[in-house]
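Residue numbers (my numbering), protein chains in the order written: chain E, 1 to 479; chain A, 480 to 1012.
Here's what the structure looks like:
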């Protein structure tokens, strides 16, 4: 009988917090696009004599993330020194949190497409400073300190993921959560969200943890899915061939879709951790912790479930509308302001607003077309004051001009002709031009009604109220 | 007699009153340096002749131009009718472990031989703002790692102005010597295990280690970050109080600096000692010292004049109305040095990581194969013996396999040492002390080279002082006589957290009461030499 294998994956993520300044100095946190070594100071470049001063915003954001991960926020946490030599680590130690980090425990529920849920526990959640970047160019080693001191939260999962798909889904939901609570831009390509994966295999049903390999350099969710899948296949093939899985580090090459062996993992490095004497313990009072926890917004999955229950949306619609917090807020605000059914609002957003956002490359919060205007447009259409086509065109006009929908309708004469006398004269004109069709209708070919409506619409440039037009046509033709 | 004999207090008073020109003060002090200091400490010193052997060698660098600019600024302020500050026109030397813009900052190490920093330490900046003139950078043990100032990479090392065949103590030896030899009335030192108080005692000057956090560490190249304290060195207690007043206070650049309000130290001085409770401890009349063969801790007597001085000081204070509390137990004092060996080395090893030859300072000129060889060779060539020993020990005792036995244990012992002091100062406890009186050192200044190669013995010269660093409390060393060789004896007062005012007050009372003592009329050898000339 063939052995069944289970894939065991643990993820180590580094999350760059979107604070204004770095974690221990007043340099800007974000150096994207800056020339090397232009966003540095004596503190983050580790000159002698200087001291770190903790950025309170980084603590707040890390604590909020801990709360969002259902972790316990530690009322007293400590910074420690992790000592090692590397050219991009200017102090020769990294200030991090070791045994008393800001978050304890926690989990993320990962929702798989088949409807199953995988609860992934968090092994460690702590604050630390980022190191710089090193690259080799023309045989010379170049160091850029811009990234030194950027605030990171390192979050390590238990080995509770069991496929590349699950790992990818974990990161998808984590990325959504980070943006949702506003602690990180979570852009993987810019390194705001980095992920290494530890991969091993075992016989299905076993609980042992076998030798693992570590995959680095995956900078997209798709890379993570592919790399883990590939590595698990390789390990299975190796074991099937009677070989042993060796502990080493693999580098993912996204261009070729292959894994490259970097180095054998040497004996565990001794970082000689000890308390950072230059910083005080990080204390959060009960009140502060309560305030942070209560400031946590409704989380994406809960909100999605509520959208389904409260607004009778399909799971698909609810999923998309809760993909970003600003979009979900936009939806609920529009529902609140509009007299249309939530499902109608959802349709408008799913079909038309998302297309508009996509075309313009804007997020919901960046649109000039606010929920009040969208609600107004939907209500104008629903009440028959404008046609659906006009409504759709209005979305773009409001976005471009910033004017109120009703103003544009009046100014451009876009309102539907609902006035009976006006409609009767238009209908009379159509009927007098089409004697044979009138005769055919009266002979029983009532399917021509739609054709007559179309003719009236054409004469009025689409402004005739289609419902009223149909009623009047029937009344006149059946006389 | 010129301004080099004046106190800082008197110089500032006269300069502010327009009676004395800051430039005259400066030039007279520069002349004194020229007369007594000899060649400055340097990496490749010339052969020393007998004449240089008699010199003080307190300085690595004299910053005459910087000080002249500052003196001009004081004069300009006076001309505009502005207040030039409480240290107007007062020369100050700076231990070369503080970053000062426009100077090199060597830490007494080859690895920083050419290092100029773009910022100034908070304490130095406060001295400058108070009107002080920065005379230069004084020599020290390499990275402050020592108790004799002989281990500097910059030679000649400082000599004791009372007898240049003896050491100054350390690591703030250049600072203490410069003050004792009237090259400056004030010097800024640092104290990690006794580095202000021990050289102050050896050189017959006043040295105060403030409460941890009372003075900012920003701009101080770190040794033991949880122990380091910048503090004043002066020739008398009121000058130390005046300087501390300028140095003390919260600093947003140092998270560990205290926001506790700073009292008026000068105002408190004259309040006397009547009713104050001064303790004496039997645990401070000897030292615990490890047997070189077995490592067993045994008891070793200290120089008898030390205990004699403590008795005499206690008598003087008693005669002034203080209550002397005998037999205050300090049972954990004996663990001070072993604990310090561990904690200070762990922090030092980590603090030295940044000196790797990659970014600044010394880098080996030898061809190297790879990065780790660059690190190894640079550090092997750039660091002297003491940094190497401390790196080895610090890395050993904080390694994952040993940390529980050494580093974590040392932290627990440290809190026991602190508990001894808490009990002694507890206002509701059995002793209710205002100050604890002890010798500052087990001996007076030892002869040059006598202890240098014995790192353990050298470290034990801090046994009397190191408790204040473990406990974070303030302590002051003041002169209390001369031994039969004519070398200064220091006594020390420990105080409770942030009670620098009280220990200054006690020290001042003793100093005032003994102004006429014969030993106070004696003059250091280095000064006698200039007088003859």
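C-beta atoms are modelled at their ideal positions from N, C-alpha and C, and glycine is treated no differently.
*With 16 as the cutoff for other CB atoms within 10 Å, does residue 1011 of chain A come out buried or exposed?*
Counted from its first residue, the second chain places residue 1011 of chain A at position 532. At residue 1011 of chain A the pLDDT is 42, less than 50, meaning the model places this residue with poor confidence and gives no usable figure here.
*Would you list, in chain order, the members of the segment 38–65 of chain E that have their beta-carbon closer than 9 Å to a beta-carbon of chain D?*
Although the question refers to chain D, the structure presented lacks it and instead comprises the protein chains E and A.
*asked:* My parser needs the alpha helix (DSSP H) runs of 4 or more residues fully inside the segment 314–361 of chain E; what are they?
replied: 315–321, 325–337, 342–348, 354–360
*Per the contact definition of three or more C-beta pairs closer than 8 Å, is the segment 765–781 of chain A in contact with the segment 935–944 of chain A?*
yes
_Does the contact criterion of 3 or more C-beta pairs under 8 Å hold for the segment 694–706 of chain A versus the segment 230–244 of chain E?_
Under the 8 Å Cβ criterion, the segment 694–706 of chain A does not count as touching the segment 230–244 of chain E, having fewer than three qualifying pairs.
*Name the two residues that bound the continuous alpha helix (DSSP H) containing residue 157 of chain E.*
Stepping through the first chain from its first residue, residue 157 of chain E is reached at position 157. First-last for residue 157 of chain E: 151–157, but that is the beta strand (DSSP E), not the alpha helix (DSSP H).
_On the DSSP bridge list, what partners appear for residue 93 of chain E?_
Your numbering for residue 93 of chain E matches position 93 in the first chain. The partner list for residue 93 of chain E (beta bridge, DSSP) reads E/83.
*Could you say which of A/852, A/809, A/718, A/988 lies nearest to residue 795 of chain A if we only look at CA atoms?*
Within the second chain, the letter at position 316 stands for residue 795 of chain A. Of the residues A/852, A/809, A/718, A/988, the one whose Cα lies closest to the Cα of residue 795 of chain A is A/988.
_Just to check my reading of the structure: residue 204 of chain E and residue 330 of chain E have Cβ atoms closer than 8 Å, yes? What is that Cβ distance to the nearest angstrom?_
For the purposes of this step, residue 204 of chain E is taken as the residue at position 204 of the first chain. For the purposes of this step, residue 330 of chain E is taken as the residue at position 330 of the first chain. The pair is not a contact, with the Cβ atoms about 45 Å apart (cut-off 8 Å).
*Using 8 Å as the limit for Cβ to Cβ distance, is residue 83 of chain E near chain A?*
Counted from its first residue, the first chain places residue 83 of chain E at position 83. Yes, residue 83 of chain E lies at the interface with chain A (some Cβ there is under 8 Å from its Cβ).
*Counting Cβ pairs, one atom from each stretch, are 3 or more of them under 8 Å apart for the segment 554–567 of chain A and the segment 575–590 of chain A?*
no
*With residue 119 of chain E as the anchor, note down where its beta strand (DSSP E) starts and where it stops.*
Here residue 119 of chain E refers to the residue found at position 119 of the first chain. 117–129 is the extent of the beta strand (DSSP E) around residue 119 of chain E.
*To which residues of the same chain is residue 472 of chain E closer than 8 Å at the C-beta, ignoring the five residues directly before and after it?*
Within the first chain, numbered from 1, the residue matching residue 472 of chain E stands at position 472. Excluding sequence neighbours, residue 472 of chain E sits near 420, 423, 424, 427.
*Do residue 614 of chain A and residue 542 of chain A come within 8 Å of each other at the CB atom, strictly closer than that value?*
Within the second chain, residue 542 of chain A is the residue found at index 63, counting from 1. Within the second chain, residue 614 of chain A is the residue found at index 135, counting from 1. Yes, the Cβ-Cβ distance between residue 542 of chain A and residue 614 of chain A is below 8 Å.
*Determine the contact status of residue 507 of chain E and residue 167 of chain E, defining contact as a CB-CB distance below 8 Å.*
Because chain E spans 1 through 479 in this model, residue 507 of chain E falls outside it and cannot be assessed.
*Relative to the C-alpha of residue 926 of chain A, which residue among A/907, A/954, A/626 is closest?*
Residue 926 of chain A sits at position 447 when you count from the first residue of the second chain. It is A/626 whose Cα lies nearest to the Cα of residue 926 of chain A.
*Please list the partners that residue 835 of chain A has in chain E, where partner means a Cβ-to-Cβ separation under 7 Å.*
One-based indexing of the second chain puts residue 835 of chain A at position 356. Result: 85, 92.
*Apart from the five residues just before and just after residue 474 of chain E, which ones in its own chain have a Cβ nearer than 8 Å to its Cβ?*
As a working mapping, residue 474 of chain E is identified with position 474 in the first chain. Once the five neighbours on either side are set aside, the close Cβ partners of residue 474 of chain E are 449.
*Below 8 Å on the Cβ atoms is my guess for residue 972 of chain A versus residue 954 of chain A; work out the distance and round it to an integer in Å.*
Along the second chain, one-based indexing puts residue 972 of chain A at 493. Along the second chain, one-based indexing puts residue 954 of chain A at 475. The pair is a contact, with the Cβ atoms about 7 Å apart (cut-off 8 Å).
*asked:* Is the separation between the beta-carbon of residue 600 of chain A and that of residue 702 of chain A shorter than 8 Å?
replied: Working through the second chain from its first residue, we reach residue 600 of chain A at position 121. Working through the second chain from its first residue, we reach residue 702 of chain A at position 223. In this structure, residue 702 of chain A does not lie closer than 8 Å to residue 600 of chain A by Cβ.
*For residue 696 of chain A and chain E, any beta-carbon pair shorter than 8 Å?*
Here residue 696 of chain A is taken as the residue at index 217 of the second chain, counted from 1. Yes, its Cβ sits closer than 8 Å to a Cβ of chain E.
*Do the CB positions of residue 213 of chain E and residue 231 of chain E come within less than 8 Å of each other?*
Along the first chain, one-based indexing puts residue 213 of chain E at 213. Along the first chain, one-based indexing puts residue 231 of chain E at 231. Closer than 8 Å, so yes.
*Does DSSP classify residue 180 of chain E as helix, strand or coil?*
Residue numbering aside, residue 180 of chain E sits at position 180 when the first chain is read from its first letter. Here DSSP, grouped into helix, strand and coil, assigns residue 180 of chain E to helix.
*So which of A/858, A/534, A/903 has the shortest CA-CA distance to residue 762 of chain A?*
What you label residue 762 of chain A is simply residue 283 of the second chain in a count that begins at 1. Ranking the options by Cα distance to residue 762 of chain A, first place goes to A/903.
*Does residue 578 of chain A come within less than 8 Å of chain E when only Cβ atoms are used?*
Indexing the second chain from 1 puts residue 578 of chain A at position 99. For residue 578 of chain A, the answer is yes, since a Cβ of chain E falls inside 8 Å of its Cβ.
*So residue 293 of chain E is in the alpha helix (DSSP H); what residue range does that whole segment cover?*
For the purposes of this step, residue 293 of chain E is taken as the residue at position 293 of the first chain. Taken as a continuous stretch (DSSP letters only), the alpha helix (DSSP H) holding residue 293 of chain E covers 286–294.
*Short check: CB of residue 665 of chain A to CB of residue 658 of chain A, under 8 Å?*
As a first step, residue 665 of chain A is located in the second chain; it is residue number 186 there, counting from the start. As a first step, residue 658 of chain A is located in the second chain; it is residue number 179 there, counting from the start. Yes, Cβ-Cβ distance for residue 665 of chain A and residue 658 of chain A is below 8 Å.
*Opposite residue 688 of chain A in the DSSP bridges: which residues?*
In the second chain, the residue the question calls residue 688 of chain A occupies position 209. Per DSSP, A/954.
*Mind listing the chain A neighbours of residue 277 of chain E? Cutoff is C-beta to C-beta under 7 Å, in chain order.*
For this step, residue 277 of chain E is matched to residue 277 along the first chain. Those within 7 Å of residue 277 of chain E in chain A are 704, 705, 826.
_Run of the beta strand (DSSP E) containing residue 886 of chain A, from where it starts to where it stops_ = Position 407 of the second chain holds residue 886 of chain A. Taken as a continuous stretch (DSSP letters only), residue 886 of chain A belongs to no beta strand (DSSP E), being part of the alpha helix (DSSP H) at 886–904.
*Could you list which residues in chain A have their beta carbon closer than 9 Å to that of residue 280 of chain E, in chain order?*
Start at 1 with the first residue of the first chain, and residue 280 of chain E comes out as number 280. Per Cβ cutoff of 9 Å: 734, 735.
_For residue 539 of chain A and residue 100 of chain E, what's the separation of their Cα atoms in angstroms?_
Counting from one through the second chain, the residue named residue 539 of chain A turns up at place 60. Counting from one through the first chain, the residue named residue 100 of chain E turns up at place 100. Cα-Cα distance, rounded: 44 Å.
*Whole angstroms is fine: what's the gap from residue 410 of chain E's alpha carbon to residue 402 of chain E's?*
For the purposes of this step, residue 410 of chain E is taken as residue 410 along the first chain, with counting starting at 1. For the purposes of this step, residue 402 of chain E is taken as residue 402 along the first chain, with counting starting at 1. In a straight line, the C-alpha of residue 410 of chain E is about 15 Å away from that of residue 402 of chain E.
*Look at residue 183 of chain E and residue 64 of chain E and say whether their C-beta atoms are less than 8 Å apart.*
Taking the first chain and counting its residues from 1, one reaches residue 183 of chain E at position 183. Taking the first chain and counting its residues from 1, one reaches residue 64 of chain E at position 64. Contact: yes.
*Do residue 894 of chain A and residue 919 of chain A have their C-beta atoms within less than 8 Å of each other?*
The residue given as residue 894 of chain A occupies position 415 in the second chain. The residue given as residue 919 of chain A occupies position 440 in the second chain. The answer is no: Cβ separation not under 8 Å.
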